[in-house]
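Below you'll find the structure, written out as structure tokens, and then a few comments.
Protein chains in written order, with the numbering used here: chain S, 1229 to 1552; chain L, 0 to 220.
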């Protein structure tokens, strides 16, 4: 799946500056600042209790008592909440509907409350239900649907009025792999049409798949914001070259003598990891490793400079947050 | 202005709820049962219409208040309101729509119960006693005034209470006491007592609703 970058104009559509929120003596958000450009998909990750939901609730106007500056489009929150609400769609983490509602009834109500006419709602409901693969459930009671299907109804109500900003709090929770794939396709398609999307998730591979930029939050503080490549580049972990052997051989131990190599070890049978010295030029060391392999007559399947994964980046920053 | 939309929406939810079903059907049945009990006892027979009005004011008010409080507490705790509050509408409209929809349902249920009473009295006596319509109108006005106070107390308690248990206790013990306030002019035998009762009920209900709206406006979801 390709990453977003659809209609990203670079113009900030969402702005949070020095946002701080306290729940009595507990500081849930501490000086949080980031911007999201128009049409951008922003993945928001962090451990439970980091403050992701609080950030999102502030952004959609559910929480008003905070300090700092929050803007959505041209509107400042919480003062111009009602104007900002016309621009946004929100899928809460724990979506709940009144038990007596059918899918059709819930979508009609929320569509009308979002400013659509009765005719617009009637036309739009089949479209969004098809988008979330829920057309068959239109006249079913929501209380009779599974958790995953209810989550889809939640997404449908957020999309009904074609909002400019979509705020999705853990939207993939409870979805099966196919639904997760469909969801990501929907998000990417919306981004291409110019919808700005902020979404949080614990499933880092999903964030990696769709997000243009990622924000890592831990203990109420933003630890990192950037594209995945920027986050990787900023990561100061030991660089490692992985050599995959075609045949078992001990000759790889001679790679230890190369300049720039700190240590060499067999990670698993046939997988050799050569750790680089901190100040070593990775490209030069990869070249000399390849030349040595040829010279030593080691048969290999491949040589790769390992990049830190989003999981590693996430863990590093979250652990730093815990130790701070 | 989203109030009419929210009102008709809430009405759809409430009118077919189990509690409302009891009010639609149960109130007239309970009134009929009272009538039978009364026939079995000695003394002057009270018109069935008046019995119906009494049943309405005592039962319907409490039931409506409990229903409102429990519904609000449940919806609050399940985060149902989040989907409403992120839309361009006034928070006060949500509160007023809840109050108005339940009050409408209870008012209609009361009219049905009293209509059954009027019909029963007409069937029994084959004619209306001369003052029955005036008495009925007064009883109904007083009953609906008390129901209005009960409903507004239910809304306030629902917004303020953290759990269903606390809410139910507060409604049953507190809400009932508050709903008696409009009866003070009648108890004091003031001239034009029914008029004062309606006015007092309107004032008390409005105060409770204003407090409920203020609380709901400040609530963080």
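In this text, a Cβ means the ideal position worked out from N, Cα and C, and glycines have one as well.
- The residue from S:1446, S:1402, S:1455 with its alpha-carbon nearest to that of residue 1438 of chain S is S:1455.
- Of all residues in the stretch 1288 to 1310 of chain S, only 1288, 1289, 1290, 1291, 1292, 1293, 1309, 1310 come within less than 9 Å of chain L when Cβ atoms are compared, listed by chain position.
- The residues 1315, in chain order, have a CB closer than 6 Å to that of residue 1392 of chain S in the same chain once the five nearest residues on each side in sequence are set aside.
- Taking 8 Å as the upper bound for CB-CB distance, residue 1434 of chain S and residue 1396 of chain S are not in contact here, some 11 Å apart.
- The residue from L:82, L:110, L:93 with its alpha-carbon nearest to that of residue 7 of chain L is L:93.
- Residues of the stretch 1323 to 1354 of chain S with a Cβ closer than 8 Å to any Cβ of chain L, in chain order: 1323, 1324, 1325, 1326, 1328, 1329, 1333, 1337, 1338, 1340, 1341, 1342, 1343.
- Note that the C-beta distance between residue 1298 of chain S and residue 1244 of chain S is below 8 Å.
- For residue 1313 of chain S against residue 1339 of chain S, the beta-carbon gap comes to about 14 Å, at or over 8 Å, which does not count as contact.
- Inter-residue distance for residue 161 of chain L and residue 120 of chain L is about 46 Å (C-alpha atoms, whole angstroms).
- Taking 8 Å as the Cβ-Cβ cut-off, the stretch 10 to 36 of chain L approaches chain S at 11, 12, 15, 16, given in chain order.
- Contact check for residue 1451 of chain S against residue 1470 of chain S fails: the beta carbons are separated by 8 Å or more.
- Within the stretch 53 to 78 of chain L, 74, 77, 78 place their CB atoms closer than 7 Å to a CB of chain S, listed in sequence order.
- Proximity to residue 146 of chain L across L:168, L:83, L:203, L:158 peaks at L:203, based on C-alpha coordinates.
- Under the three-state reduction of DSSP output, residue 1431 of chain S falls in the coil class, being neither helix nor strand.
- A residue is called buried when at least 16 other Cβ atoms come within 10 angstroms of its Cβ; residue 1440 of chain S meets this threshold and is buried.
- Annotated three-state conformation of residue 172 of chain L is helix, per DSSP.
- Residue range 1489 to 1496 is occupied by the beta strand (DSSP E) that includes residue 1493 of chain S.
- Taking a beta-carbon distance threshold of 8 Å, residue 1320 of chain S counts as an interface residue toward chain L.
- Less than 8 Å separates the beta-carbon of residue 26 of chain L from that of residue 58 of chain L.
- Partner residues in a beta bridge of residue 1323 of chain S, as assigned by DSSP, do not exist.
- Note on geometry: alpha-carbon atoms of residue 195 of chain L and residue 183 of chain L lie some 9 Å from one another.
- DSSP, reduced to helix, strand and coil, places residue 1506 of chain S outside both helices and strands of the structure shown, so it counts as coil.
- The three-state secondary structure of residue 1451 of chain S, taken from DSSP, is strand.
- In the DSSP annotation of this structure, the continuous segment of the alpha helix (DSSP H) that includes residue 1419 of chain S starts and ends at 1405 to 1420.
- Straight across, the Cα-Cα distance linking residue 113 of chain L with residue 54 of chain L is about 9 Å.
- Residue 1322 of chain S has its alpha-carbon roughly 26 Å from the corresponding atom of residue 1304 of chain S.
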